[in-house]
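Asker: Before anything else, here's the structure in question.
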Amino acid sequence: MFIFFGIRASPIKTRKVEGNTTCPYCQSKGSFAATTFGKYFHILWIPFLPLPKMTILECAHCKKTYTIKELPQEIGQALNKTDALKPPKRPLWQGCGCLILAAIGLIIVVLSIASGLFWRNKEVNDVIDVRSTYLHADIEKATMYPDKDMDSISYKLKKCIDYNVEGINTEKIGYYSKLDHNKLLILLQVNDLRKTEAASRKELVFAIEDCLASFLETKGYQVYIGVNGKWNMVLVKTPVGESLGGKFAKSNMLLPFYGEKPIFKQHSIKR
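Using the working numbering, the first residue of the sequence shown is number 128, and each one after it goes up by one.
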């Protein structure tokens, strides 16, 4: 049967007792050595709670041991004088269990406070830019077979890209366009970009611009172009900036196409 908790003791200091001392049993003089033990309560052999120290005195001549209460008062006084300069100190590990519990408790308190502040701030400040929802919905509308009547810009753009662009399987590119007054949004879904170096992918955006200029007077439009890869937006160009690194583009640069940033409290959005 295992005992998972109990009281243990370990020696923390042994020293010779200085002064005129006499062993009551063998009458040897100056033969006492004192050993102080640190007692502690343990759980699974891990010290948790320090308990009062205990000192045992042993006669070096007859090997008889005594507690302080079993010896004459003058021997106790001699021991006190011996310990006056360097008293036995309990090692920190004998209370490490308490320190561990205190640290765990502190961590729990800090995490609880941080979690409360996070969710409080989230409720107050968490907002949703609904334009991101519009953008993702439009990306989903990209098709490899744009309709001539429903999306004539994408229809013409596909024909031009198929004819002019090499190195990409243009047959599997999805297209979607949207006009909003003087703003034009062009979205391409390209899943097969692995064989095209990231630095060369921006040529696709330039090809889109050239194709648009060939059949559409784009000078009067604010053109927003986004090329979405298999996992994320890889190319973006807008009237106010561009992100043409070819790996990770800033899709939020396309959001101004949908107008000014509308802010809604999270609880006001129907899910």
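Heads up, the beta-carbon is just placed ideally off N, CA and C, and yes, glycines get one too.
Can you tell me whether Y303 is buried or exposed, with buried defined as 16 or more other CB within 10 angstroms of its CB?
Answerer: buried
Asker: Could you tell me the distance, in whole angstroms, from the CA atom of D337 to the CA atom of I288?
Answerer: 10 Å
Asker: Alpha carbon to alpha carbon, how far is V237 from A161? Give it in angstroms, no decimals.
Answerer: 45 Å
Asker: Tell me whether E145 is buried or exposed, calling it buried when 16 or more other Cβ atoms sit within 10 Å of its Cβ.
Answerer: exposed
Asker: In terms of residues, what are the limits of the alpha helix (DSSP H) holding R217?
Answerer: Looking at the DSSP string, R217 is not in any alpha helix (DSSP H), and its letter there is neither H nor E.
Asker: With DSSP as the reference, label H169 as helix, strand or coil.
Answerer: strand
Asker: Evaluate V354 with the Cβ neighbour count: other Cβ atoms within 10 Å of its Cβ, from every protein chain shown; 16 or more gives buried, anything less gives exposed.
Answerer: buried
Asker: What are the partner residues of I280, as DSSP defines its beta bridges?
Answerer: Per DSSP, none; premise fails for I280.
Asker: Taking the straight line between their C-alpha atoms, what separation do you get for H188 and G232?
Answerer: 51 Å
Asker: Per DSSP, what are the beta-bridge partners of M360 in this structure?
Answerer: According to DSSP, M360 shares a beta bridge with N355.
Asker: Label T148 either buried or exposed according to how many other C-beta atoms from any shown protein chain fall within 10 Å of its C-beta, with 16 as the threshold for buried.
Answerer: buried
Asker: Cα separation between M360 and S239?
Answerer: Approximately 37 Å, taken between the alpha carbons.
Asker: Report the start-end ranges of each beta strand (DSSP E) in the region 284–362 that is 3 residues or longer and not cut off at the edges.
Answerer: 301–307, 310–316, 349–355
Asker: Whose C-beta lies closer than 7 Å to the C-beta of K299 among residues of the same chain, with five residues either side of it excluded?
Answerer: Hits under 7 Å: M271, N318, D319.
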